[in-house]
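Here is the structure we will look at, set down as structure tokens.
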Amino acid sequence: MQTPVHIFWFRRDLRFDDNYGLFRALSAGLPVVPVFIFDKEILDYLEDRDDRRLTFIHDTLTQLQGQLATRGSSLDIRYGKPLEVFAQLLSEYPVRAVFANHDYEPYAAARDGAVNALLLQQGASLITFKDQVIFEKDEVVKNDGLPYGVYTPYSKKWKLQLQPAHYQSFDSLGLMDNFYRQPERPVPALEAMGFTRHPDAFPGNVLNEAVVKLYHQQRDFPALPGTTQLGVHLRFGTVSIRRLVAQALQLNETFLGELIWREFFMQLLWHYPRLVHECHKREYEAIRWRNDEKEFEAWCEGRTGYPIVDAGMRELNATGFMHNRVRMVVASFLIKHLLIDWRLGEGYFARKLLDFDLSANNCNWQWVAGCGCDAAPYFRIFNPASQAKKFDGQDQYIKRWVPEYKTRDYVLPIVDHEFARKRCLAAYKEALQMK
Ligand code: FAD
Numbered sequence: 001m002q003t004p005v006h007i008f009w010f011r012r013d014l015r016f017d018d019n020y021g022l023f024r025a026l027s028a029g030l031p032v033v034p035v036f037i038f039d040k041e042i043l044d045y046l047e048d049r050d051d052r053r054l055t056f057i058h059d060t061l062t063q064l065q066g067q068l069a070t071r072g073s074s075l076d077i078r079y080g081k082p083l084e085v086f087a088q089l090l091s092e093y094p095v096r097a098v099f100a101n102h103d104y105e106p107y108a109a110a111r112d113g114a115v116n117a118l119l120l121q122q123g124a125s126l127i128t129f130k131d132q133v134i135f136e137k138d139e140v141v142k143n144d145g146l147p148y149g150v151y152t153p154y155s156k157k158w159k160l161q162l163q164p165a166h167y168q169s170f171d172s173l174g175l176m177d178n179f180y181r182q183p184e185r186p187v188p189a190l191e192a193m194g195f196t197r198h199p200d201a202f203p204g205n206v207l208n209e210a211v212v213k214l215y216h217q218q219r220d221f222p223a224l225p226g227t228t229q230l231g232v233h234l235r236f237g238t239v240s241i242r243r244l245v246a247q248a249l250q251l252n253e254t255f256l257g258e259l260i261w262r263e264f265f266m267q268l269l270w271h272y273p274r275l276v277h278e279c280h281k282r283e284y285e286a287i288r289w290r291n292d293e294k295e296f297e298a299w300c301e302g303r304t305g306y307p308i309v310d311a312g313m314r315e316l317n318a319t320g321f322m323h324n325r326v327r328m329v330v331a332s333f334l335i336k337h338l339l340i341d342w343r344l345g346e347g348y349f350a351r352k353l354l355d356f357d358l359s360a361n362n363c364n365w366q367w368v369a370g371c372g373c374d375a376a377p378y379f380r381i382f383n384p385a386s387q388a389k390k391f392d393g394q395d396q397y398i399k400r401w402v403p404e405y406k407t408r409d410y411v412l413p414i415v416d417h418e419f420a421r422k423r424c425l426a427a428y429k430e431a432l433q434m435k
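In structure tokens form, the structure reads like this:
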């Protein structure tokens, strides 16, 4: 009879350091088999063969594998549909329980429910913990128990509830000898799953304190290195939110506020899973979008003739990143100047962003479109020229990505600003039945 084991299932928490679910698994008294699944259900939807996120995950797993090898253990990495993989794992290991951290997206919740049902049939179970956020689901709600739909009171309550215990870290590194011992296994090649490596290097996961100290002054200027570029690390859990919040409390309140926006949007999606496909404010479904394919293509490729928009889209296509200020400008341009459904822009960002996160992406797109919770008012239409003047006054950012700007080679504007503004207001007013 083999010794029983626990499994720790890595998902959006690809780190050993201060990983709460892992800490609990390694403290639970049985050897822990660390497992990662390249989920076929998700990979089948990826359009780009050299998807950056996949390379990022692959690199991270390779590093984790190296660390485990020094402890005589190994990550068990599989490729397949989670239910089928678990059926296989249960036939190979005497599994008592599977530990993991909470994953809040609608797909993840359904997947975990199905895996738990399978485990229960075999006398095991899925035990999950909060790790990805400070406050989850319905931990910060209004006094009547209903979710907040407005950020400011949410963030006030969030700060009021915060105690040092919420951002205390957990020493999972000190328990590494409790992993199940087995010879090192190879990390499956990306090619074996139908993908190739992306050649880019990725931003590091160490918080640059100098950047954060000046965050409130510099974060809106895309030519400056004024933000942390930690998005991808928060997405895949290669940093701990508890450590980040502890640092933010010391360094910069505005930065802390952005981490709270992240949790605000996560709880919104958890409470309202219909947001994945629908406008939060249902009346916005009546907007008659133009959805012109050629204009959408020009936007995707950075050929609109609006330099700040084109710079942003070219930065996204070339690096997988776009500065937050510019994300707002390009999103507003697509939705309001071109009258293209926000869901098309959201989908393009989902395909290209290295830090793509369903809740942050969806809720920010809905925020710009005016149809989200606590959204920008519908009549707020960014003027791309004044945005560029205010936040990139010397054209430094624009010139970096649109070198032909101000030469004869630069394309003419795809649409006139004043004409587009009026057309947009008319379309919104018609849908919202305003005079
Ligand atoms: P920093 O400014 O250093 O902020 C630190 C962290 O705070 C970010 O990494 C992120 O986790 C969080 N954060 C900051 N701003 C926001 C915000 N407005 N909403 C939610 N979280 C925030 N962010 C994503 O993480 N994934 C997305 O898919 C995403 N899509 C977006 C789409 C649109 C149209 C817009 C306007 C914004 C989107 N954002 C998204 C929010 C924001 O632009 C990025 O989080 C930020 O630019 C990432 O860069 P950074 O790590 O340097 O951020």
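Anchor point for the sequence shown: position 8 equals 8 in UniProt numbering, and the numbering is continuous, going up by one each time. Backbone N, C-alpha and C fix where the C-beta goes; we use that ideal spot for every residue, glycine too. Values in this document were obtained by computation on a predicted structure and should not be read as measured data.
Neighbour-count burial assignment, residue i, 16 or more Cβ in a 10 Å radius
i	result
glutamine 396	exposed
aspartate 355	buried
alanine 318	exposed
leucine 412	exposed
histidine 58	buried
phenylalanine 56	buried
lysine 142	exposed
histidine 277	exposed
tyrosine 45	exposed
glutamate 285	exposed
glutamine 218	exposed
leucine 146	exposed
alanine 388	buried
glutamate 297	exposed
phenylalanine 150	The amino acid occupying residue 150 in the given sequence is valine; phenylalanine does not appear at that position. By the 10 Å Cβ count, valine 150 comes out exposed.
arginine 274	exposed
leucine 120	exposed
phenylalanine 349	buried
proline 94	exposed
Cβ-heavy atom distance, residue i to the ligand FAD, below 6 Å
i	result
tryptophan 342	no
asparagine 291	no
Local conformation of residue i per DSSP, three classes
i	result
asparagine 383	coil
aspartate 112	helix
phenylalanine 419	helix
histidine 6	strand
leucine 75	coil
proline 147	strand
leucine 162	coil
asparagine 101	strand
leucine 54	helix
leucine 412	coil
leucine 68	helix
proline 94	coil
arginine 219	coil
leucine 22	helix
aspartate 39	strand
leucine 230	coil
threonine 60	helix
residue 436	Residue 436 lies beyond the stretch modelled for the chain, which goes from 1 to 435, so this question has no answer here.
residue 506	Past the boundaries of the shown model lies residue 506; the chain is included only from 1 to 435, so the question cannot be answered.
threonine 238	coil
leucine 224	coil
leucine 207	coil
phenylalanine 391	helix
leucine 126	strand
arginine 400	helix
arginine 181	strand
threonine 153	As written in the sequence, residue 153 is proline, which differs from the threonine given in the question. Helix, per DSSP.
valine 133	coil
In the stretch 248 to 311, which residue ranges form an unbroken alpha helix (DSSP H) of at least 4 residues, counting only runs that do not cross its ends?
Given a length threshold of 4 residues, each whole run of the alpha helix (DSSP H) inside the stretch 248 to 311 is given here in chain order: 253 to 271 and 293 to 301.
Listed in chain order, which residues are found with a beta carbon closer than 6 Å to a heavy atom of the ligand FAD?
Every residue passing the under-6 Å Cβ criterion appears here: Arg219, Thr227, Thr228, Gln229, Leu230, Gly231, Leu234, Glu258, Leu259, Trp261, Arg262, Phe265, Asn324, Arg327, Met328, Ala331, Phe349, Leu353, Asp355, Phe356, Asp357, Ala360, Asn361, Asn364, Trp365 and Val368.
Please list the segments of the alpha helix (DSSP H) lying wholly inside the stretch 316 to 376, counting only runs of 4 or more residues, in order along the chain.
Listed in chain order, the complete alpha helix (DSSP H) runs (minimum 4 residues) inside the stretch 316 to 376 are 324 to 332, 342 to 352 and 358 to 369.
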